[in-house]
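In order, the protein sequences belong to chains A and B. If you count the first sequence from 1, you need to add 25 to reach our numbering. If you count the second sequence from 1, you need to add 6 to reach our numbering. We put the CB at the ideal spot given by N, CA and C, even for glycine. Read the structure below first, then the notes.
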Amino acid sequence: MDNHLFTLINIAVMTVVMWLTPLQFIPFFIWLERKGSAIIQDRIGPNRAEIFGVRLFGMVHNFADVIKLLMKENITPSHANGFYYWLAPFWSMTVSLLPLLIIPLAAPMEVAGHSLRFQAANFSVGVLYILSITSMGVFGVILAGWASNNKFSLLGGLRSSAQMISYELSMGLSVVGLLMVFQGVKVDAIVETQGGLLTLAGHTLPFPHWGIFLQPVGFFLFLVASFAETNRNPFDLAEGESELVAGYHIEYSSVKFALFFMAEYSNMVVAAFLISTLFLGGYQVPFAPTQVLLQKPQLTLLLLCGGGILAGGFLGRVLYLSALDQKVLHTGMKRWEPFIFSAVGFGGAGMSLGLLVFSHFVALPVWAPGVLTALLQMICLLIKVLFFCWLFVWVRWTMPRFRYDQLMNLGWKLMLPLALLNLLVTGVFILVQKQ
Amino acid sequence: MKIVERPEMTGSQKLYLGEVLKGLLVTMGHVLRNLMNPKGMPVIFFPEQKKALPPTTRGRHRLMKREDESPRCTACMLCATACPAECIHIKAAESADPNVEKLPEKFEIDMLRCVFCGFCVDACPLDAIRMDVPEIAIAGYTRDSLVYGKEFLMDHDNKDIVPEYNPPRPVIWTHGPHAKP
Chain A
26 MDNHLFTLIN
36 IAVMTVVMWL
46 TPLQFIPFFI
56 WLERKGSAII
66 QDRIGPNRAE
76 IFGVRLFGMV
86 HNFADVIKLL
96 MKENITPSHA
106 NGFYYWLAPF
116 WSMTVSLLPL
126 LIIPLAAPME
136 VAGHSLRFQA
146 ANFSVGVLYI
156 LSITSMGVFG
166 VILAGWASNN
176 KFSLLGGLRS
186 SAQMISYELS
196 MGLSVVGLLM
206 VFQGVKVDAI
216 VETQGGLLTL
226 AGHTLPFPHW
236 GIFLQPVGFF
246 LFLVASFAET
256 NRNPFDLAEG
266 ESELVAGYHI
276 EYSSVKFALF
286 FMAEYSNMVV
296 AAFLISTLFL
306 GGYQVPFAPT
316 QVLLQKPQLT
326 LLLLCGGGIL
336 AGGFLGRVLY
346 LSALDQKVLH
356 TGMKRWEPFI
366 FSAVGFGGAG
376 MSLGLLVFSH
386 FVALPVWAPG
396 VLTALLQMIC
406 LLIKVLFFCW
416 LFVWVRWTMP
426 RFRYDQLMNL
436 GWKLMLPLAL
446 LNLLVTGVFI
456 LVQKQ
Chain B
7 MKIVERPEMT
17 GSQKLYLGEV
27 LKGLLVTMGH
37 VLRNLMNPKG
47 MPVIFFPEQK
57 KALPPTTRGR
67 HRLMKREDES
77 PRCTACMLCA
87 TACPAECIHI
97 KAAESADPNV
107 EKLPEKFEID
117 MLRCVFCGFC
127 VDACPLDAIR
137 MDVPEIAIAG
147 YTRDSLVYGK
157 EFLMDHDNKD
167 IVPEYNPPRP
177 VIWTHGPHAK
187 P
């Protein structure tokens, strides 16, 4: 195949994949939010919606949500500014789907002389592209708040825009420190650099060469700023229910509200991808850079299957316990469904174990190292992203909301000086190390 | 004037990080405990499992009966007058018993309006209406199904739910010895 054609198809496929990734994460995230909040508050959480007795531990509630939101009347208030009122939700959603395009899912793979890339676009502006796109997200909120022509919406939009602009500064500055350390802005280069081990003054330390170890202050600043950028608790002043009813999307119903809702979750998925890519080594498996994984496919398989055994066993155990707990309540299919999923978890663990044993008796095929490495790296990135998704949920159901003055104090008086100081210290450190 | 002293945050609290971490550990403890021991969660699966209500629960109404299965109620309208939600609708009719002046021909309680205040029970001079049926989650598919009529309200065995909680009331009898309910 022609090299250009291969690259073109590769980019097209990866673009579709990276557009669909956040969309696939949204229903999962909503489920995680509901179930996570329930478990934190000692409740069972959603378990009633069902399709022919199949309830998927509350996942079916997402179908109910979609049906409800699509069936609702799509209202445009007569006093609203029509064009901008309609533009805002679509703008929010579009902008929230874009930044993922430059996140690499795995290291490039050699396929029949071509380089198969797991990254849709590889702009030379790299991280700056992400920052510029995410900062455009604020327009959706402002437009919605202003075009609704409602004082609560306007207040919500105002607060939100002030907050996002304030925290964008510290977010950008915390990334600058990282870019100074990694000497570049291209995302794939940053992730590649994070594969090695940390070296300090000639000594190799037993830590991966990750952004979180090189820039701990930068990491925390970026984390907090990304909570603020995604309008997420404890910084969700844009929709302070007790003060603003619902904030900027109070006048929106039906699909338009669904778009705002999805954009909010999509933003969080993007933030989780960004943090894990920039600060936690992206697709890099700790202590096992791409070269090592490619040379030792047995190690790759061991990591994959070991992860499968642990995850399957844990999942099976948890599901079995919850199935036992709810057994008395249900009849027929509903009674056995949790046990079936528990069996799937244990079965996954067993199959991983079987595959591991089986692979010791046969020679691995030629394509195995590349495929296994790509798979392991994708799963590694997925685990990191899922952790940060959980962190968003976890923090939301732990923290109360900040007051507006506390928010501004934190942003301008604490985080901005800290980011600048971090920049200074990083610069001095790099200068000293060079001489 | 009393000045409320607000607690000042100390240096480490002003950074929020430590305090946030403490809170996160608390919630994570709940998560792990509940995942590993779901039976420990104080949860009642409501429609299937029901919480045992205490014997003095003020539940829905019932109309008490005389020994001959006729209602004790004499349609005096005191309950309907006392009702702040105006949910009791009584239509009086003449009684065949010469010792009883009136009987309710129609006695309807609109549960959609009832606020469970219990004023009707306090107002009744004959202990004819009680709110001791332990049903508090009242639901229906139509509005008409939630307007309880005389037959429904009198469909019970006329026993005290818990005798010691329903002591005989001092009743002033005005109609001679046969009027005893």
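Which residue's Cα is closest to the Cα of residue i: the options?
i, options, result
"B/Glu-141", "B/Arg-66, B/Asn-43, B/Met-42, B/Lys-97", "B/Arg-66"
"A/Leu-346", "B/Val-26, B/Asn-43, B/Tyr-22, B/Arg-149", "B/Asn-43"
"A/Lys-97", "A/Val-457, A/Leu-411, A/Val-280", "A/Val-280"
"A/Trp-116", "A/Leu-94, A/His-86, A/Phe-164", "A/Phe-164"
"A/Trp-111", "A/Ser-121, A/Val-120, A/Ile-100", "A/Ile-100"
"A/Ser-185", "A/Val-382, A/Leu-340, A/Leu-262, A/Phe-207", "A/Leu-262"
"A/Ala-146", "A/Ala-37, A/Arg-80, A/His-228", "A/Ala-37"
"A/Gly-333", "A/Val-201, A/Ile-408, A/Pro-311", "A/Ile-408"
"B/Asp-74", "B/Ala-102, B/Lys-56, B/Ala-81", "B/Ala-102"
"A/Leu-406", "A/Met-39, A/Asn-28, A/Ala-131, A/Arg-59", "A/Ala-131"
"A/Ala-388", "A/Ala-399, A/Pro-231, A/Gly-209, A/Pro-322", "A/Pro-322"
"A/Glu-135", "A/Glu-264, A/Asn-28, A/Asn-256", "A/Asn-28"
Please classify residue i: does DSSP put it in a helix, a strand, or coil?
i, result
"A/Lys-211", "coil"
"A/Arg-142", "coil"
"B/Ile-135", "strand"
"A/Gly-170", "helix"
"A/Val-79", "strand"
"B/Val-10", "coil"
"A/Val-387", "coil"
"A/Ala-444", "helix"
"B/Trp-179", "Low local confidence applies: a pLDDT of 48 at B/Trp-179 is under 50, so the model's placement there is unreliable, with the coordinate-based value given in what follows. Coil, per DSSP."
"A/Pro-322", "helix"
"B/Lys-186", "Note that B/Lys-186 scores a pLDDT of 49, beneath 50, so its modelled location is shaky; the value from the coordinates is reported in the next line. Coil, per DSSP."
"A/Ala-187", "helix"
"A/Glu-317", "As written in the sequence, residue 317 of chain A is Val, which differs from the Glu given in the question. Helix."
"B/Arg-66", "strand"
"A/Val-310", "strand"
"A/Val-38", "helix"
"B/Gly-146", "coil"
"A/Gly-452", "helix"
"B/Tyr-22", "coil"
"A/Lys-352", "helix"
"A/Glu-25", "In the structure displayed, chain A extends from 26 to 460; residue 25 of chain A sits before or after that span and is not available."
"A/Arg-428", "coil"
"A/Ala-74", "coil"
"A/Arg-421", "helix"
"A/Tyr-192", "helix"
"A/Val-270", "coil"
"A/Gln-402", "helix"
"A/Lys-459", "helix"
"B/Gly-17", "helix"
"B/Ala-58", "coil"
Measure how close the beta-carbons of residue i and residue j come, nearest whole angstrom, since I'm counting them as under 8 Å.
i, j, result
"A/Asn-72", "A/Phe-88", "No, A/Asn-72 and A/Phe-88 are not in contact; Cβ-Cβ is about 14 Å, not under 8 Å."
"B/Tyr-154", "B/Glu-114", "7 Å"
"A/Asn-258", "A/Met-424", "6 Å"
"A/Leu-344", "A/Ser-367", "4 Å"
"A/Ser-160", "A/Ala-169", "Going by Cβ atoms, the distance from A/Ser-160 to A/Ala-169 rounds to 17 Å, so no, they are not a contact pair."
"A/Leu-397", "A/Thr-302", "About 21 Å; that fails the 8 Å criterion."
Looking at the strands, I want to know which residues DSSP matches up with residue i.
i, result
"B/Arg-110", "Here the sequence assigns Pro to residue 110 of chain B, which means Arg is not the residue at that position. Note: B/Pro-110 sits in a beta bridge opposite B/Ala-98."
"B/Ile-115", "B/Ile-94, B/Tyr-154"
"B/Lys-71", "B/Pro-77"
"A/Leu-225", "A/His-228"
"A/Met-134", "A/Leu-141"
"A/Pro-233", "A/Leu-222"
Answer yes or no: does any C-beta atom of chain E fall closer than 8 Å to that of residue i?
i, result
"B/Val-127", "In summary, chain E is missing from the structure at hand, where the protein chains are A and B."
Hey, residue i and residue j: beta-carbon distance below 8 Å or not?
i, j, result
"A/Gln-188", "A/Phe-245", "no"
"A/Gly-162", "A/Gly-272", "no"
"B/Leu-132", "B/Arg-78", "yes"
"A/Asp-350", "B/Lys-45", "yes"
"B/Arg-64", "B/Cys-93", "no"
"B/Pro-104", "B/Lys-156", "no"
"B/Lys-108", "B/Thr-80", "yes"
"A/Gly-9", "A/Gly-337", "Outside the shown range of chain A, which is 26 to 460, sits residue 9 of chain A, and nothing can be said about it."
"A/Leu-222", "A/Leu-318", "no"
"A/Leu-448", "A/Gly-209", "no"
"A/Gln-22", "A/Gly-236", "The requested residue 22 of chain A is not part of the displayed model; chain A covers only 26 to 460."
"A/Pro-17", "A/Glu-268", "Because chain A here runs from 26 to 460, residue 17 of chain A falls outside it and cannot be looked at."
"B/Met-47", "A/Arg-68", "yes"
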